[in-house]
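Just so we're aligned, residue 1 is where the sequence shown starts under the UniProt record's numbering, counting upward by one. Beta carbons are placed, not taken as given, at the ideal position from N, Cα and C, and that holds for glycine.
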Amino acid sequence: GLNGSLGYELSNLFSLKTLDLSNNQIQGSIPYQLPPNLTYLNLATNNFSGNLPYSISNMASIEYLNLSHNSLAQQIGDLFGNLSSLSELDVSFNKLTGDLPTSIGSLSNISSLYMQNNQLTGSVNVLSGLGLTTLNIANNNFSGWIPKEFSSIPDVILNGNSFLNGPAPPPPPFMPPPPRRPRSRPNRSGGSGNAPKGSESSTSQGGKNGLQTASLVGIIVGSILAALCVLLLLVLCIRKSRKRKDDSSTESKDFVGPLSVNIEEVSNREIPEQGLENTAMKVLPAEKMTPERVYGKTGSMRKTKVPITATPYTVASLQVATNSFCQDSLLGEGSLGRVYKADFPNGKIMAVKKVDSAAISLQEEDDFLEVVSSMSRLRHPNIVPLTGYCVEHAQRLLVYEYIGNATLHDMLHFSDEMSRRLTWNIRVRIALGTARALE
1 GLNGSLGYEL SNLFSLKTLD LSNNQIQGSI PYQLPPNLTY LNLATNNFSG
51 NLPYSISNMA SIEYLNLSHN SLAQQIGDLF GNLSSLSELD VSFNKLTGDL
101 PTSIGSLSNI SSLYMQNNQL TGSVNVLSGL GLTTLNIANN NFSGWIPKEF
151 SSIPDVILNG NSFLNGPAPP PPPFMPPPPR RPRSRPNRSG GSGNAPKGSE
201 SSTSQGGKNG LQTASLVGII VGSILAALCV LLLLVLCIRK SRKRKDDSST
251 ESKDFVGPLS VNIEEVSNRE IPEQGLENTA MKVLPAEKMT PERVYGKTGS
301 MRKTKVPITA TPYTVASLQV ATNSFCQDSL LGEGSLGRVY KADFPNGKIM
351 AVKKVDSAAI SLQEEDDFLE VVSSMSRLRH PNIVPLTGYC VEHAQRLLVY
401 EYIGNATLHD MLHFSDEMSR RLTWNIRVRI ALGTARALE
C-alpha cells in the first residue's frame, strides 16, 4: 500500500469529486488544503494523527466522510455548520476527546453517524434532533441522560458509556426573568455607590485571582486572533489600493539587478547540533529598512515601497529551525495555515506561520510585503509582535515570538492539567475584550 504523507497542494484539485485513500499506511496529519469540491472522501485505515483539519468546514458539497481507524486525537472542532449535504460521517476507532461540538446538530441531511471507540465525553443531546437511521457511539465516555429521540432510530448502539438509567427528567418550568433594576452611574469618589451587593461580592471574589488570570489569557488571545483579524483587514485595503496603481511603470522602477544567493538544502533527517550552527541563519535584531531590499520571486532584487521593521529570514534557516517543518514541530493549524515551533541555534524559540497564500489571495509578493510592513509596525499589549518574515521561493512565512501558554480555546474548553477553571467574571471580561478587539 501507499506510505508517506499527503502533500499541501490538494486544494488546487478543484474538479476532483471522489478521493479514496483507505487501507494504506499514510501517516502524518491530514493536510489543511483538501480538495474543496469533494463529495466523497475516504481516508479510513491509515496512520493519520493530529486533529480534524479546519478545511473540512469549507467542503460544502461533501456527502460521505470516513476518517475511521486512524490515530486522530484532540477535541472535534466546530466544523459542521456548512455541511448540509453530508449524509454519512465515520470517525470511529480514533482517539478523539472532549465534548461533541454544537455544529454537529446542524447536519440536516445526516443519516448515518459512527463515533464508536473514541474517548468522547459529555452529553449527546446535540444529536437528538438529527434524522438518523444509524447511530453508533459505543465505547466512549459519554454521560447524562439518553435522549428519548434515540428510541426512534432503527439502528442504534450506545453500550460502553456512562449514561444514567431511566427516562430523562422533564425540562424545568419556565421562570420569568427578574425585573431589571435601573442602572446607576458608578461612584467615582471611591465609595461603594449604588452597586448591588451581588455584583460587589462576585467582583471581590474574583478580584485578585481573576485579574492575574485575565491578564494571562489576554496575552494568549492576541497571539492569533488579533493578528489574523488585522492581517485580513490589511489585505482588503491593499487589494483596493492596488487597483489604482499602474503596475507597468513600477515594474521597471523596482528592478535593481540579479542577486546570487547560496541556499543549502535541508533534508528530512535529524540534523545534528553542530550542523545547526553552520547552516542556520543567525537571528539578527530588528532593523528599520527604508526601503528594504528583499529577494524577489523571479530571482531579482526588489525595493519595498513601505518600511519593514521585521527581520528577513531565509527558507533554509527556517527549515533547519523547524526540522524541515516536520510533524513534531507542528503547534497548530488555523484558517491561514500551519504554525510550527522553531528552535534556533542561539537558544531562541520562535513560532513560524506557514501562510497559505491561496487562502488570503496574496499571490503577488508586493502585496504580502505591504502586509508584513503594516504588521511589523503594529504594537499592542495583547498582540504578539511580528519579528520576522520570509518570501523566498514563493513561500509566505511569518515569524513570531513563541508563546508557550497554550491558546484561549485550550483555557476555556480543555480539562487537562494545563487548563484553569475560569470564573464567570473572567469569561465575561474575555468576551468583552474580544468584542472590543473586533469592533
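Collapsing the DSSP output to three states places S143 in a strand. Contact between the segment 8-18 and the segment 31-38 is established, with three or more Cβ pairs separated by less than 8 angstroms.
Spanning the alpha carbons of S71 and Q116 requires a straight line of approximately 14 angstroms. Between P307 and S373, the C-beta gap is smaller than 9 angstroms, which places the two residues in contact.
Under the DSSP assignment, I426 falls outside any beta strand (DSSP E), being part of the alpha helix (DSSP H) whose first and last residues are W424 to L438.
Within its own chain, the residues whose Cβ lies closer than 8 angstroms to the Cβ of N159, once the five positions on either side in sequence are excluded, are A138 and N139, listed in chain order. The segment 320-337 and the segment 376-392 do not touch, with fewer than three beta-carbon pairs separated by less than 8 angstroms.
Residue S151 holds the alpha-carbon nearest to the alpha-carbon of G131 among G122, S151 and L120.
If the five residues before and after F142 are omitted, its C-beta is found closer than 6 angstroms to the C-beta atoms of V124 and N161, all from its own chain and listed in chain order. Cα atoms of H393 and Y402: separation of roughly 25 angstroms, rounded to the nearest angstrom. With a threshold of 16 other beta carbon atoms within 10 Å, V355 meets it and is buried. Its chain contains N42 as the residues whose beta carbon lies nearer than 6 angstroms to that of D20, once the 5 sequence neighbours on both sides are disregarded; these appear in chain order.
The beta carbons of D90 and S68 sit about 5 angstroms from each other, so the pair counts as a contact at 8 angstroms. Residues V124, N125, L127, S128 and A168 of the same chain have their beta carbon placed closer than 8 angstroms to that of P147, with the five preceding and five following residues left out of the count. Within the same chain, Cβ atoms closer than 8 angstroms to the Cβ of A44 are found at S22, N23, N66, L67, S68, H69, N70 and D90, the five residues on either side in sequence being excluded. For V156, there is no enclosing alpha helix (DSSP H); the enclosing beta strand (DSSP E) covers residues D155 to I157.
Burial is judged here by how many other beta carbons sit within 10 angstroms of a residue's own beta carbon; V428 has fewer than 16 and is exposed.
In the structure shown, K348 falls within a coil segment according to DSSP collapsed to helix, strand and coil. S111 and L16 have their C-alpha atoms some 24 angstroms from each other. Your pair L52 and I26 does not check out as a contact, with CB atoms roughly 16 angstroms apart and the cut at 8 angstroms. Apart from the 5 residues on each side of it in sequence, I157 sits with its Cβ closer than 6 angstroms to the Cβ of N136 and A138 in its chain, given in chain order. If one requires a minimum length of 3 residues, the beta strand (DSSP E) runs lying completely within the segment 65-90 are 73-75 and 88-90, in chain order. Counting along the chain, the unbroken beta strand (DSSP E) around V399 starts and ends at L397 to E401. Straight-line measurement puts the Cα of V399 at about 16 angstroms from the Cα of N346. Taken atom to atom, the span from the alpha-carbon of L330 to that of V352 is near 9 angstroms. Taking C-beta atoms as the reference points, L83 and A60 count as a pair closer than 9 angstroms. By the criterion of a C-beta distance shorter than 8 angstroms, S49 is surrounded in its chain by Q27, G28, S29, N70, S71, L72, A73 and Q327, once the five residues flanking it on both sides are discounted.
Boundaries of the beta strand (DSSP E) around V339: G337 to D343. Note that the C-beta distance between Q75 and G105 is not below 9 angstroms. If you draw a 10 Å sphere on the C-beta of A342, you find 16 or more other C-beta atoms in it, and that means buried. Closest in alpha carbon position to L86, among E63, F163, R436 and F80, is E63. By the beta-carbon neighbour count (other beta carbons within 10 angstroms, threshold 16), A435 is exposed.
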